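Add 37 to the 1-based position in the sequence shown for our numbering, that's all there is to it.
Ideal Cβ positions, reconstructed from N, Cα and C, are used throughout, including at glycine.
As the structure is a prediction and not an experimental result, all values here were calculated from the model.
The structure under discussion appears below in the form of structure tokens.
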Amino acid sequence: MVLAVVVGVGVATWRGSGPLPDPEGCAAELDGLRVELSPEQARNATLIAAVGVRRGLPARAVSIALATAYQESKIVNIDYGDRDSLGLFQQRPSQGWGTAEQVQDEYYAINAFYDALEKIDGYQRMRITEAAQRVQRSGFPEAYQDHAADARALASVLTGYSGGGRFSCVVREPESPGRAARVVRTLEQAFGGLDTAVGPRRDVTVRVSGDEAGARRGWAVAQFVLAHAGDLAPVEVEHGGRRWRSGDDSEAGWVDADGVAGPRSVVVRLG
């Protein structure tokens with residue numbers, strides 16, 4: 038049986054000019070800049086973007102968070118660091134960021150970072166490294182700027198501000214069928230407040246508003262699924278008349294296809 042998750046969204050097109058990472062990984066491309074991520078980096082980057090979308094934050098906030106995670110952990114949820122620093126942002130329990138267990142929970146760590154960032158007056162007008170330093174208080178205050186360009190590109194793409202199709206992943210075919218309930222649970226945990234319904238063929242529909250904000254949210258959801266393919270086990274993702282497939286076909290990224298989901302839906306097919 039083939040299951041599907043359907044998400045009302047805008048149009049997706051893969052416009053990357055180069056080959057996707059091989060054997061597994063993801064890539065985003067914007068204005069001639071190509072950013073490659075390992076599967077773990079992609080999962081964490083899309084989590085950072087999803088939480089930003091859920092909180093209604095501007096792409097600038099996501100850029101700052103991504104640049105910080107690049108510098109502190111290479112966007113990997115590490116269990117070590119300087120003194121008692123831990124996790125994506127190397128947050129220190131001794132400095133009031135939470136317990137060691139909490140700061141190694143991705144959702145807790147990301148929300149804690151955004152909580153601190155939102156308390157900084159005018160952070161959107163600051164240089165990325167200045168805003169990040171106000172949160173982190175690092176011994177290397179200019180280091181975050183080294184990652185500003187990649188972080189801006191990723192933030193724009195992963196939050197949907199740059200339109201669709203600029204992010205794709207190469208993944209193996211799932212070893213076992215994915216579960217629609219898990220897809221819904223994972224998406225709702227990341228984005229919150231999604232309007233979901235299960236259809237008669239166990240299709241799952243997630244509706245978003247038809248305005249610009251809804252289109253951005255929908256595209257962020259679609260890209261999140263690709264980055265989390267290892268957990269969600271999609272066989273195909275369709276959107277805007279284009280299709281992405283796992284396995285060998287994933288190296289082609291998004292391709293034109295007849296009879297697939299149109300511009301207002303994303304379909305995730307589970308084998």
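Remark: C-beta atoms of Val72 and Leu191 approach each other more closely than 9 Å. Closest option to Val207, judged by alpha-carbon separation, among Val243, Tyr198, Thr166, Ser283: Ser283.
Within a 10 Å sphere around the beta-carbon of Glu138 sit fewer than 16 other beta-carbons, which makes this residue exposed.
Glu109 and Ala218 have their C-alpha atoms roughly 34 Å apart. In this chain, the beta strand (DSSP E) harbouring Phe204 covers 204-207. Judged by beta-carbon spacing, Gly251 lies beyond the 9 Å limit of Pro76, meaning their Cβ atoms are not closer than that value.
One thing to note: Val220 has its Cβ within 9 Å of the Cβ of Val262.
A Cβ-Cβ contact shorter than 9 Å links Ala86 with Gln260. Check the Cα spacing between Ala168 and each of His265, Gly202, Thr105: the tightest is with Thr105. The beta carbon of Asp232 is closer than 7 Å to those of Val243, Arg244 in its chain, skipping five residues each way along the sequence.
Beta-carbon to beta-carbon, Ala82 and Leu67 are separated by about 14 Å, too far to satisfy the 8 Å threshold.
Here Leu70 has Ala186, Ala190 as same chain residues with Cβ atoms under 7 Å from its own Cβ, once five neighbours each way along the sequence are excluded. Between the alpha carbons of Asp293 and Leu125 lies a gap of roughly 36 Å. Between the alpha carbons of His265 and Arg80 lies a gap of roughly 6 Å. For Trp281, the enclosing beta strand (DSSP E) has its first and last residue at 279-282.
In the structure shown, Glu138 falls within a helical segment according to DSSP collapsed to helix, strand and coil. Of the candidates Ala188, Arg306, Gln128, Ala188 places its Cα closest to the Cα of Ala64. Annotation: the segment 125-174 contains the following complete segments of the alpha helix (DSSP H) (minimum length 4 residues), in chain order: 137-140, 143-155, 165-173. Arg71: member of the beta strand (DSSP E) spanning 70-74, first to last residue.
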